Amino acid sequence: MPTRRSILLACLAMTAITAPSAPAQPAPSDALAKAVQGHYQQVRDFTASFEQAYVGGALKRKTVERGTVAIRKPGRMRWDYESPEKKLFIADGTRMYFYVPADKQVRVSAMPESGRVPTPILFLAGRGDLLRDFRAEEVPVPAGATGSRALRLRPIRPEPEYDTLTLVVDGTSFAMRQLIVVDGQGGTSTFSFGNLRENVGVADSRFVFTMPKGVDVVTQE
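Residues -24 to -1, 1 to 197 (mature numbering (1 follows the signal peptide of the UniProt record, and there is no 0)) are what the sequence shown spells out, left to right.
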């Protein structure tokens, strides 16, 4: 299911890191990666609205979903999908829950071990490092992303859930605008963020999942 596999987040912004006293200047890709990572390390939590556009399958059909997201480090996430269908994804730091009310089903799985390559959702929840876990390359920005910069990330070790991540950030503030995920089947998820707010003190109660009555529980280890 593209929703669960490609749920991602982003909340990154800062000025580019420079090192004038160093013998050699960093490559542009390295400087951008350091800038993004430097700000990301200072972010304790964030909230945002999002639009997710997914293109995949043999006919390359496009689906669009919208909702809100809340993240709190380490490892706590809440994705509320509001349209066109209600869905809820919660990670409480130990387990992950994916609930689709129309299906009357909850999928439950353990958080991946810290030693494995981080999934997109875990990277921005405090379980990854741009400079350690990925090969970073600055690439042209997508059409319409005027004034932005784009950083494509390839995991150093193969990751079954995705091939590449691309962070599209504001060219001046480095605030996140988009996060693009390409999976192993050629599907592409593009998350566009709005109303982004950082370090707002998101309460722990936002990440508590209460099992609904009358649902089937599917446990995946």
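For glycine and all other residues, C-beta sits at the position ideal for the given N, C-alpha and C.
Please read these numbers as outputs of a predicted model, since none were measured by experiment.
The residues Lys80, Gln81, Val82, in chain order, have a CB closer than 7 Å to that of Val191 in the same chain once the five nearest residues on each side in sequence are set aside. Contact between Asp109 and Asp139 fails: their C-beta atoms lie close to 14 Å from each other, not under 8 Å.
Val31 sits away from Gly120, with the two beta carbons spaced by 8 Å or more.
Secondary structure within the region 35 to 96: the beta strand (DSSP E) runs of 3 or more consecutive residues, fully enclosed, are 37 to 48, 52 to 59, 63 to 68, 71 to 76, 81 to 86 (chain order).
Nearest in C-alpha terms to Leu127, of all of Glu113, Arg37, Gln28, Val193, is Glu113. Taking a C-beta distance under 8 Å as the contact criterion, Arg54 and Phe183 qualify as a contact pair. Counted as a single uninterrupted DSSP element, the alpha helix (DSSP H) harbouring Arg108 occupies residues 106 to 109. By the C-beta density criterion, Asp21 is buried, having at least 16 other C-beta atoms within 10 angstroms. Distance from Phe169 to Ile66 at the Cβ level is roughly 19 Å; contact not present, criterion being Cβ atoms closer than 8 Å. Pairing Ala78 with Glu58 gives a Cβ-Cβ distance that is not under 8 Å.
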